[in-house]
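Below is one structure, written out as structure tokens, with a few remarks after it.
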Amino acid sequence: MSLQGAVSEHFSSMKRVLQKEKNNGHAILVRQARDIDACDALILPGGESTTISRILVKSGMHEVICDRINQKTIALMGTCAGCVLLGKELTDSSADVTLLQAMDMQVERNAFGRQKESFERKIQIKGFDSPYNAVFIRAPLITKLWGNCEILATAGKEIVMARQDHYLALSFHPELTDDLRIHQYFLQMISSRFHDRE
């Protein structure tokens, strides 16, 4: 979604993965609600969750995405602010953020504090053969999970990556590294969704 954050980096990463996997899918920049009709999956980028939420609601994209979530016809990956939007609850109930409520999780915004704005940490992701160097920028944390939402990675004791069905939430920014494994993982999620429907 071409809203805020490192959109061009996500776009480039997905194009590289599609080419590497010889997949006949296409990556496009989503700028308005009608663009979503052509999509089987969306990446919700980082940025500022309040601002992105307002843009989604005002443009009509929030309603379209929620309809697709209810119909179970779209895969979603949310990074940083996108992770916040995928949750069903925020620890700060006063926050002016309209959530997509795709995943059974509670999220805390800017959990590492504004002073420690960015850092990198090696994390072990479930199913990955080697550690992943994750880039955190004013990162949120996943503070609680329920239902069939599962932990995929932690930074120490903190949950920084989770999956539920065809939805993927990350506290960090995979688009800011040359490691394409998370975008490859998301592509596999999209492909398996189609396989499950057959």
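First residue of the sequence shown? That's -3 in this note's numbering, and the numbers climb one at a time after it.
Even for Gly, the Cβ is constructed at its ideal location relative to N, Cα and C.
Item	Value
Buried or exposed: which applies to H58, given that a residue is buried once 16 or more other Cβ atoms fall within 10 Å of its Cβ?	buried
For G42, does the three-state DSSP call read helix, strand or coil?	coil
To the nearest angstrom, how far is it from the Cα of F168 to the Cα of A130?	6 Å
Tell me which same chain residues have a C-beta within less than 6 Å of the C-beta of I65, skipping the five on either side of it?	A98
Let me confirm a value: L25 is counted as buried when at least 16 other C-beta atoms fall within 10 Å, else exposed. Which label applies?	exposed
Could you tell me if V156 is buried or exposed, where buried requires 16 or more neighbouring beta carbons within 10 angstroms of its beta carbon?	buried
What does the alpha-carbon distance come out to for the pair Q28 and C76?	21 Å
To which residues of the same chain is I119 closer than 6 Å at the C-beta, ignoring the five residues directly before and after it?	Y128, A130, A149 and A151
I'd like the list of long-range same chain contacts for S188, defined as Cβ closer than 6 Å, with 5 residues on each side in sequence excluded.	none
Mind checking whether H6 and E146 have CB atoms under 8 Å apart?	no
Need the endpoints of the alpha helix (DSSP H) that K129 sits in, please.	Note that residue 129 is Asn in the sequence shown, not Lys. No alpha helix (DSSP H) holds N129; the beta strand (DSSP E) holding it covers Y128 to I133.
Might you give, ordered along the chain, the residues of its own chain that have their beta carbon closer than 6 Å to the beta carbon of V80, omitting 5 neighbours on each side?	S45, V103, R105 and P136
Measure from the alpha carbon of Q184 to the alpha carbon of each residue in G123, I133 and A91, then state which is nearest.	G123
Would you say G74 and L40 are within 8 Å of each other, going by their C-beta atoms?	yes
From what residue to what residue does the alpha helix (DSSP H) around L195 run?	The structure shown does not extend to residue 195, since the chain spans only -3 to 194, so no value can be given for it.
So, at 8 Å on beta carbons, what are the nonlocal neighbours of Q111 in its own chain, with the 5 sequence-adjacent residues on each side left out?	Because the pLDDT of Q111 is 46, which lies under 50, any placement of that residue in the model is unreliable, and the question is left without a value.
Suppose you measure from the CA of L86 to the CA of K54; what does that come to, to the nearest Å?	21 Å
Compare the beta carbon distance of R12 and L176 with 8 Å and say whether it is the shorter of the two.	yes
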